[in-house]
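One structure is given below, encoded as structure tokens.
Protein chains in written order, with the working numbering: chain A, 1174 to 1454; chain B, -7 to 263.
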């Protein structure tokens, strides 16, 4: 689906030394997968996301989207149609004063016939659960609702892959849950390839694969269980682990043997309960 | 405090006038503005008044709202009337003092002008009352699209208007936030003279400008992500279709203008 080969990126200033943001990134995103891209602020994860739909072009290496090279200018259109990018601030992504017209903005740009746009807009709004708000004004919606409209705006372009750049960073817990549920639903039920950029560990734990970036490089790559079992490494790049994982890690340090790779509260309770049963016997 | 600002003058409703094609409303309003200046007799003006009343009836806008719209134009009407009263000297002279004379002809003309301006304002504001800013922008884009031949960027102008409308509430909200933040740090915005108050606004305006530029940049990125590339090759979801009511509106307008022109020949001008 998306293939990054030896990608590097730097901001060049004529007088100053270049600022290196990405260093030799090799990453393949499989079709239908749900990849979480984790990293501390300034580690280059947003920059990498903008490489996935040709908003930024690598200064070294290549990015291939469905075997199209992002460097070819005439392919930029097709690439953006294939990989939809949702940004952080929902307020700054909505163009129109009416929800449904905003969702129609993408397909209108693609030159889709009017009846089909209508169909796509209705479908996209239903998928994100905002159909009943189709005639509302965006400024009257909550943050989570606005972000879901922004996602619908991308979905209406019918991309194969959705890249979300910290879509929940500016939302309250309720809005975060709404958006995350929508993303999970898209991946599980619509077969959408999802790349979720986040710094919330709980969100990353829901993905099939977690890629941790640090200082422009890929630091860790694996399933959530594999990645979050490396508590010490994550700490060293100033990242947290999900709370249950942290609790188990501390208990392990205190000499209580517990299995590795505990991510959710339920798993944690189970592990502790079985541990206590062993003791009781 | 700023929340009270209404966007445009739109008055929600379901009347014939509300449902009319915005293009027709725009064109008809334009014709109406010219047509108001055709009649030269009270008979002709009476037709304009009747037409305006008929339009108000079609729009289902309550009379109170219409009366309220008079308020800001009262000074204009008063000034033009006064000038007309003292400027025109014909008929019998009723009152004279120094260089000021009031004559029946003057009063007649002043009254005529005042009624004409009122009709003009009421008639044209009916359009903004019954059309949402979005529909208005959309209508304008389509009405002016022939100007593309002269390299006028009609689509781009309409897009800018849409974005401006979209961001007004957002920026108002932001202004409120910044003002609260500055007040929390002891800024005083309500006291002092005019110059002091203007100065007190600078710490609000600068952050507002900075954030607007940041927003503009992000919006541009988002638009590019959604394949925006100007008006070329773009389709629209909402197609404007002329319907029965639109054709009747054109017919009514044609008859109205025809009658006004005919009145010029039938009734002698009063002025």
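Backbone N, C-alpha and C define an ideal beta-carbon position, used for all residues, glycine too.
Fair warning: this is a prediction, and the values are worked out from it, not measured in the lab.
Interface partners of residue i on chain A, CB under 9 Å
i	result
residue 176 of chain B	Within 9 Å Cβ-Cβ: nothing; residue 176 of chain B doesn't reach chain A, min ~21 Å.
residue 158 of chain B	1267, 1268, 1269, 1270, 1275, 1310, 1311, 1312
residue 126 of chain B	1269, 1270, 1271, 1274
Straight-line gap, residue i to residue j (C-alpha atoms, nearest Å)
i	j	result
residue 143 of chain B	residue 130 of chain B	19 Å
residue 1436 of chain A	residue 1392 of chain A	20 Å
residue 59 of chain B	residue 1273 of chain A	35 Å
residue -6 of chain B	residue 164 of chain B	Since pLDDT at residue -6 of chain B reaches only 45, below the 50 mark, its modelled position is unreliable, and the value read off the structure follows with that caveat. So the alpha carbons of these two residues sit roughly 7 Å apart.
residue 77 of chain B	residue 83 of chain B	12 Å
residue 179 of chain B	residue 188 of chain B	12 Å
residue 1311 of chain A	residue 207 of chain B	16 Å
residue 73 of chain B	residue 168 of chain B	42 Å
residue 34 of chain B	residue 261 of chain B	8 Å
residue 1328 of chain A	residue 1252 of chain A	14 Å
residue 1387 of chain A	residue 1289 of chain A	43 Å
residue 112 of chain B	residue 225 of chain B	39 Å
residue 27 of chain B	residue 147 of chain B	29 Å
residue 1352 of chain A	residue 69 of chain B	56 Å
residue 1444 of chain A	residue 1434 of chain A	11 Å
residue 1336 of chain A	residue 1343 of chain A	17 Å
residue 1294 of chain A	residue 1325 of chain A	8 Å
residue 193 of chain B	residue 166 of chain B	14 Å
residue 94 of chain B	residue 29 of chain B	25 Å
residue 253 of chain B	residue 37 of chain B	12 Å
residue 177 of chain B	residue 1413 of chain A	34 Å
residue 246 of chain B	residue 21 of chain B	12 Å
residue 1149 of chain A	residue 1300 of chain A	This structure cannot settle anything about residue 1149 of chain A, because the visible part of chain A is limited to 1174 through 1454.
Buried or exposed (CB count within 10 angstroms, at least 16 for buried), residue i
i	result
residue 1261 of chain A	buried
residue 257 of chain B	exposed
residue 239 of chain B	exposed
residue 118 of chain B	buried
residue 1224 of chain A	buried
residue 1184 of chain A	exposed
residue 1177 of chain A	buried
residue 1330 of chain A	buried
residue 80 of chain B	buried
residue 42 of chain B	exposed
residue 12 of chain B	buried
residue 250 of chain B	exposed
residue 1199 of chain A	exposed
residue 1211 of chain A	buried
Pick from the options that is closest to residue i, judged by C-alpha positions
i	options	result
residue 210 of chain B	A/1338, A/1310, A/1266, A/1183	A/1266
residue 1407 of chain A	A/1430, A/1372, A/1429	A/1372
residue 1215 of chain A	A/1418, A/1410, A/1263	A/1410
residue 109 of chain B	B/247, B/197, B/31	B/31
residue 97 of chain B	B/234, B/19, B/86, B/91	B/86
residue 244 of chain B	B/40, B/5, B/184, B/6	B/40
residue 1277 of chain A	A/1323, A/1244, A/1255	A/1323
residue 66 of chain B	B/172, B/107, B/177, B/141	B/107
residue 1377 of chain A	A/1389, A/1453, A/1395	A/1395
residue 9 of chain B	B/172, B/218, B/120, B/205	B/120
residue 4 of chain B	B/101, B/62, B/132, B/54	B/54
residue 1452 of chain A	A/1229, A/1429, A/1302	A/1429
residue 1197 of chain A	A/1250, A/1306, A/1182, A/1296	A/1182
residue 175 of chain B	B/185, B/196, B/45	B/196
residue 1270 of chain A	B/155, B/221, B/22	B/155
residue 204 of chain B	B/161, B/227, B/231	B/161
residue 1346 of chain A	A/1366, A/1316, A/1359, A/1365	A/1316
Chain B contact residues for residue i, given Cβ-Cβ distances below 7 Å
i	result
residue 1281 of chain A	226, 227, 228, 229
residue 1291 of chain A	229
residue 1278 of chain A	218
residue 1250 of chain A	219
residue 1237 of chain A	Neighbours of residue 1237 of chain A on chain B: none; closest Cβ ~19 Å, over 7 Å.
residue 1258 of chain A	217
Within chain B, partners of residue i - CB distance below 9 Å
i	result
residue 1253 of chain A	216, 217, 218, 219
residue 1294 of chain A	229
Cross-chain neighbours of residue i in chain A, by beta carbon under 8 Å
i	result
residue 155 of chain B	1268
residue 265 of chain B	Nothing about residue 265 of chain B can be reported from this structure: the residues present for chain B run from -7 to 263 only.
residue 162 of chain B	1264, 1312
Cβ of residue i within 8 Å of any chain E Cβ
i	result
residue 1271 of chain A	Protein chains in the displayed structure are A and B, and chain E is not among them.
Residue i: contacting residues in chain B (beta-carbon distance under 8 Å)
i	result
residue 1285 of chain A	227
May I ask you to list, following chain order, the residues of the stretch 17 to 44 of chain B that have a beta carbon less than 7 Å from some beta carbon of chain A? none
Using a beta-carbon distance cut-off of less than 7 Å, what residues from the stretch 197 to 208 of chain B approach chain A? 207
Positions along the stretch 1213 to 1232 of chain A whose CB lies within less than 9 Å of some CB in chain B: 1223, 1226, 1228
For the stretch 1325 to 1339 of chain A, list every residue whose C-beta sits within 8 Å of some C-beta in chain B, in sequence order. 1326, 1327, 1330
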